[in-house]
Every structure is written in C-alpha cells, then in structure tokens.
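Trainee:
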Amino acid sequence: MSDYYEREDLKRFAEIGKDAPELANKFFDYYGAVFAEGELSAREKALIALGVAHAVQCPYCIEAYTTSCLEKGSNLGEMTEAVHVANAIRGGASLVHGVQMRKLAEKVSL
Amino acid sequence: MSDAPLNSFEIRLSQAQITLERDLTQTLQINTGLLCDLQCRHCHLSAGPDRKEIMSRQTMDQVIAYATSNRFTCIDITGGAPELIPQIEHLISALAPLTTRLMLRTNLTALSQPGKEHLLELLRDNKVVLIASFPSTNEGQLVAQRGAGVMEPSLSMLKKLNEIGYGIAGSGLELDLVANPSGAFMPTGQAAAERKFKRDLARKWDLHFNNLFIFANMPLGRFADWLKQSDNLEPYLEKLQAGFNACTLDGLMCRSLVSVAWDGILYDCDFNQAAHIPLGGKPTHISELEGLPERGTAIAVGEHCFACTAGSGFT
Numbered sequence: 001m002s003d004y005y006e007r008e009d010l011k012r013f014a015e016i017g018k019d020a021p022e023l024a025n026k027f028f029d030y031y032g033a034v035f036a037e038g039e040l041s042a043r044e045k046a047l048i049a050l051g052v053a054h055a056v057q058c059p060y061c062i063e064a065y066t067t068s069c070l071e072k073g074s075n076l077g078e079m080t081e082a083v084h085v086a087n088a089i090r091g092g093a094s095l096v097h098g099v100q101m102r103k104l105a106e107k108v109s110l
Numbered sequence: 111m112s113d114a115p116l117n118s119f120e121i122r123l124s125q126a127q128i129t130l131e132r133d134l135t136q137t138l139q140i141n142t143g144l145l146c147d148l149q150c151r152h153c154h155l156s157a158g159p160d161r162k163e164i165m166s167r168q169t170m171d172q173v174i175a176y177a178t179s180n181r182f183t184c185i186d187i188t189g190g191a192p193e194l195i196p197q198i199e200h201l202i203s204a205l206a207p208l209t210t211r212l213m214l215r216t217n218l219t220a221l222s223q224p225g226k227e228h229l230l231e232l233l234r235d236n237k238v239v240l241i242a243s244f245p246s247t248n249e250g251q252l253v254a255q256r257g258a259g260v261m262e263p264s265l266s267m268l269k270k271l272n273e274i275g276y277g278i279a280g281s282g283l284e285l286d287l288v289a290n291p292s293g294a295f296m297p298t299g300q301a302a303a304e305r306k307f308k309r310d311l312a313r314k315w316d317l318h319f320n321n322l323f324i325f326a327n328m329p330l331g332r333f334a335d336w337l338k339q340s341d342n343l344e345p346y347l348e349k350l351q352a353g354f355n356a357c358t359l360d361g362l363m364c365r366s367l368v369s370v371a372w373d374g375i376l377y378d379c380d381f382n383q384a385a386h387i388p389l390g391g392k393p394t395h396i397s398e399l400e401g402l403p404e405r406g407t408a409i410a411v412g413e414h415c416f417a418c419t420a421g422s423g424f425t
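If you're matching them up, the sequences are chains A and B in order.
Just so you know, the working numbering puts 26 at position 26 of the first sequence, and the rest follows in order with no gaps.
Counting from 1 along the second sequence, just add 110 to a position and that's the residue number in the working numbering.
If you want it as structure tokens, here you go:
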C-alpha cells in the first residue's frame with residue numbers, strides 16, 4: 001500500500017461486506033433508499049451529499065458526488081454554493097463554540 | 111461482408127444477438143456544411159470559421175429534388191451554422207412546403223449576426239422549428255464549451271425569439287433547446303433537466319422555450335481530441351460502454367433517418383458523417399439514390415454508437 005488513500009479503493013467498497021455481510025447489506029440497502037427520489041429529488045440529495053462530503057473531507061465521496069451532481073444536472077455554480085454551505089456550517093460550528101470559550105474565560109476573569 | 115475485425119459496438123450487438131437495421135425512413139437530415147462562427151469544444155464535426163466545406167446551390171437543388179420525390183415527415187437542417195451558408199434561404203423556402211416539420215439547428219450567435227434579420231422573418235413565416243444549442247444555465251460552463259463572449263448574444267437571441275413568439279405557448283412557433291454535458295460525464299435525465307432549465311431561464315432571464323433535449327457528447331471530432339489531450343478518452347468510453355442499454359435500440363434515430371452531407375454523400379446519421387462511415391458502406395450521392403434507403407438493410411456502426419445507446423439513449 002503506497003498511500004492511505006488510493007482512488008481505485010472506492011471500487012472495492014463492497015469488500016467491506018466480507019466477514020460481516022449482513023451489516024454491509026443493511027448499510028447498502030439503506031444507502032440506496034436514502035438516495036432514491038423522494039420528497040427531495042435525486043439531484044438535490046446529491047448536492048447535499050457533495051456538501052457533506054466536503055465537511056467530512058472524504059476524497060472518495062467528493063469524487064463520487066462531483067460526478068453524481070454533474071450527471072444529475074447540477075451546474076458548477078450550484079455545486080460551489082453547496083460547498084460554501086458546508087463550509088459555513090463547519091466554520092460556524094467552530095465559531096459558535098467561541099461563546100463557550102468566552103463564558104469560561106469570563107468565569108475565571110476579573 | 112467485410113473481413114475487417116468487429117468494432118466494440120458490433121461485438122456488443124452480437125453478444126446481445128441484435129442486428130441494427132434500417133426501418134422506414136421518415137426524417138431527412140441535411141448537413142449544410144462545416145462552416146460555423148463558433149468552435150465548440152464538444153463539436154463532433156470540428157466545425158469552425160476556417161472550414162470551407164459548405165453545400166453548393168447545385169447540391170441544395172439535388173437535395174430539394176430528393177425531398178420532393180420522397181415523403182419526409184421531418185426535415186432537419188443542421189451544420190456547422192446553417193445560417194451562414196450562402197442561399198440557405200432558398201433551401202428553407204423550397205423545403206418548407208414539403209414536410210410537416212422543418213427544423214433548423216441554430217447556435218443562436220450566427221442568427222444574431224448583422225444582416226440576418228430577414229432570415230429570422232423567413233423562419234418565423236414558415237413556422238420552422240428552431241433547435242437551439244444552450245448547454246448550461248451556468249455562464250462558466252457554457253463559455254467553457256462554446257467559447258468566450260457567447261453567453262450574452264445567446265441570451266439576446268433567445269429574448270428576440272421569445273418576442274416574436276418562439277417558445278411562447280399558443281404561438282405555433284416551437285423553440286427547443288439542446289444541452290450536452292460540459293465535459294466527460296453522462297447527461298442527466300431529460301424530464302428533470304427540462305423542468306430545471308425552464309425554471310432557471312424564467313427566473314434568471316425571463317426566457318421561455320418548449321422542449322429540452324439532452325444528448326451525450328460524441329467521442330468524435332474536436333471532443334475526441336479534447337478527451338485524448340485530457341486523458342479522459344478511456345474512462346469516457348468505458349462509461350459509455352457500461353451504460354449500454356439495449357432498450358434504446360428500437361428508437362435510435364439512425365433507423366428512421368437519412369443524413370446528407372454538404373457534398374451530397376449519404377449517411378445513416380450525422381455522427382457517421384463525422385466518422386466517415388457512409389450509408390451502405392460506400393459513398394453514394396443523393397442524386398444517385400432512387401427512393402428511400404431500403405428497410406431491413408444494416409446500419410453502419412462504430413465505437414461512437416455507444417453514445418447513442420447509453421442510459422436513456424439518443425433518439
């Protein structure tokens with residue numbers, strides 16, 4: 001193994017079913033159901049997944065959902081905005097914890 | 111029977127025990143030439159401003175004679191940019207009474223050029239269906255595919271077309287858009303994309319159209335060059351082959367269409383024209399063909415045919 005992340009490994013995702021097939025099957029069935037057309041369209045779900053992929057910084061997910069978004073008809077403007085949404089929540093989550101920092105600091109400060 | 115080895119599409123058909131044969135020919139497609147004001151990066155014909163291949167008046171008259179002696183429910187004029195071909199008005203005027211549906215493919219910018227106002231009136235007066243290229247509502251992606259400075263004149267022409275009734279319900283003037291993916295990826299589903307394009311065009315620019323057609327890019331011409339240069343050729347071909355859907359075969363346009371090139375040579379489709387695979391395997395001029403291409407005859411195929419059979423297909 002030359003690198004921790006190898007692009008081709010995504011194609012081997014199903015191997016996670018070895019030694020624990022029931023759990024893998026439940027996961028993949030659930031995954032398929034989540035991304036099916038529902039109250040949200042498959043295109044909208046792919047955009048959400050793209051944003052989450054950036055938030056969790058998963059290179060496999062970023063590649064998969066970049067392709068998925070393009071092939072479901074989203075344009076680059078929409079995809080870039082989705083990444084900014086992820087960034088805003090991720091950045092906001094850090095920043096809002098600053099209130100804790102301030103409260104703790106205030107408690108021990110004059 | 112040719113002794114040449116089977117190409118990968120022929121092998122796939124053979125594995126599925128399918129032969130691709132011509133059905134009743136109902137559409138005459140006329141490629142008026144490779145001259146174009148744009149050099150779109152996905153163009154399967156590598157059309158552009160420097161191309162000299164254009165249909166002569168003599169060939170136009172031979173095409174008109176053929177369309178007169180045979181019945182076509184649809185006649186489809188394409189290019190290049192047909193608007194730039196000298197005497198295109200003659201071809202349009204002569205063909206309009208011969209069919210119930212005369213279509214003209216437009217890139218929108220050629221129609222915007224000074225001096226083309228009379229052509230717009232001719233198209234409107236003959237109720238010619240306009241099929242306009244508009245690949246993305248995102249300017250960056252549209253420009254990446256079609257070239258710098260294309261967005262504004264495209265939007266202006268769509269606005270002008272709407273003003274004279276094209277794309278407006280009840281006008282009898284049909285305006286359809288064509289979108290190809292802006293890269294080496296598969297197209298989205300047509301119905302969902304049409305809803306989204308209609309919403310986006312109305313919201314952003316108050317523009318309207320009738321139908322949206324989404325087509326996969328053909329691995330031919332300038333697009334094939336880009337695929338090779340960008341190391342996308344192999345994965346793109348793999349993607350097209352993986353998407354092979356035998357259900358698309360019955361509805362393929364090559365089964366009911368005959369395509370005539372700028373020089374009068376006949377093909378099963380415009381893509382075979384780009385691939386230099388003539389109808390029946392040997393060059394036949396439109397002036398030599400009596401009647402419609404025979405039903406049941408084999409359609410010439412190549413690797414590029416996977417682009418028409420992937421997913422929901424290219425009809």
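Even glycine gets a Cβ: it sits at the ideal position worked out from N, Cα and C.
1) Flag N87 (chain A) as yes if its beta-carbon sits less than 7 Å from any beta-carbon of chain B, otherwise no.
2) Is DSSP giving E131 (chain B) helix, strand or coil here?
3) Let me confirm a value: G190 (chain B) is counted as buried when at least 16 other C-beta atoms fall within 10 Å, else exposed. Which label applies?
4) S340 (chain B) by DSSP, collapsed to three states: which one?
5) Is DSSP giving T425 (chain B) helix, strand or coil here?
6) Which chain A residues sit within Cβ distance under 7 Å of P393 (chain B)?
7) Could you tell me if P245 (chain B) is buried or exposed, where buried requires 16 or more neighbouring beta carbons within 10 angstroms of its beta carbon?
8) Taking 7 Å as the threshold (beta carbon to beta carbon), is M296 (chain B) in contact with chain A?
9) Determine the direct distance from the alpha carbon of Q223 (chain B) to that of L311 (chain B), and round the result to whole angstroms.
10) Answer yes or no: do K72 (chain A) and T298 (chain B) have a C-beta to C-beta separation smaller than 7 Å?
11) I need the DSSP call for D186 (chain B), collapsed to helix, strand or coil.
12) Given V85 (chain A), which residues of its chain have a CB within under 6 Å of its CB, disregarding the five upstream and five downstream residues?
13) Would a check of beta-carbon distances place N342 (chain B) closer than 7 Å to chain A?
14) I'd like to know if K45 (chain A) contacts chain B, where contact means its C-beta is closer than 7 Å to some C-beta of that chain.
15) Going by CA-CA distance only, name the one from A:P21, A:V56, A:F13 that's closest to I89 (chain A).
16) Out of B:A385, B:R215, B:L233, B:R405, which has the shortest C-alpha to C-alpha gap to H200 (chain B)?
17) Hey, how far is the Cα of V99 (chain A) from the Cα of L110 (chain A)?
18) For the beta strand (DSSP E) containing S179 (chain B), list its first residue and its last residue.
19) Would you tell me roughly how many angstroms separate the C-alpha atoms of A242 (chain B) and T219 (chain B), rounded to the nearest one?
20) From the DSSP output, in three-state form, read off M213 (chain B) for me.
21) Given that E71 (chain A) touches chain B, what residues does it touch there, using C-beta distances under 8 Å?
22) Would you kindly report the start and end of the unbroken beta strand (DSSP E) that includes Q139 (chain B)?
23) Going along the chain, which residues of the segment 337-369 of chain B sit with their C-beta nearer than 7 Å to a C-beta in chain A?
24) Considering only their Cβ atoms, is the gap separating G331 (chain B) from S156 (chain B) smaller than 7 Å?
25) Determine the contact status of A289 (chain B) and A420 (chain B), defining contact as a CB-CB distance below 7 Å.
26) Going by C-alpha distance, which of B:M165, B:R132, B:G406, B:C150 is nearest A371 (chain B)?
27) Beta-carbon within less than 6 Å of A356 (chain B)'s beta-carbon, same chain only, minus the 5 sequence neighbours each way: which residues are those?
28) Can you pull the chain B neighbours of S41 (chain A), defined as C-beta to C-beta under 7 Å?
29) Between T67 (chain A) and F295 (chain B), is the Cβ-Cβ spacing less than 7 Å?
30) E413 (chain B) to G280 (chain B), Cα distance in whole Å?
31) Determine whether the beta carbon atoms of T142 (chain B) and I195 (chain B) lie at a separation below 7 Å.
32) Between K306 (chain B) and chain A, is there a C-beta pair that is closer than 7 Å?
33) Would you be able to state if there are at least three C-beta pairs under 8 Å between the segment 373-381 of chain B and the segment 393-403 of chain B?
34) Would DSSP call M111 (chain B) helix, strand or coil?
35) Could you tell me whether any Cβ in chain A is nearer than 7 Å to the Cβ of S246 (chain B)?
Mentor: Judging by the given coordinates:
1) no
2) strand
3) buried
4) coil
5) Residue confidence for T425 (chain B) is low, a pLDDT of 49 falling below 50, so the modelled location carries little weight and cannot support an answer.
6) By Cβ distance, chain A contributes nothing, its closest Cβ being about 38 Å from P393 (chain B), past 7 Å.
7) buried
8) yes
9) 23 Å
10) yes
11) strand
12) G51
13) no
14) no
15) A:V56
16) B:L233
17) 17 Å
18) No beta strand (DSSP E) contains S179 (chain B), which is instead part of the alpha helix (DSSP H) from 167-179.
19) 10 Å
20) strand
21) P291, F295, M296, P297, T298
22) 137-141
23) none
24) yes
25) no
26) B:M165
27) A126
28) A302
29) yes
30) 42 Å
31) yes
32) yes
33) yes
34) Summary for M111 (chain B): the model assigns pLDDT 46, below 50, so the residue's position carries little reliability; its value from the coordinates is reported in the next sentence. Three-state result, M111 (chain B): coil.
35) yes
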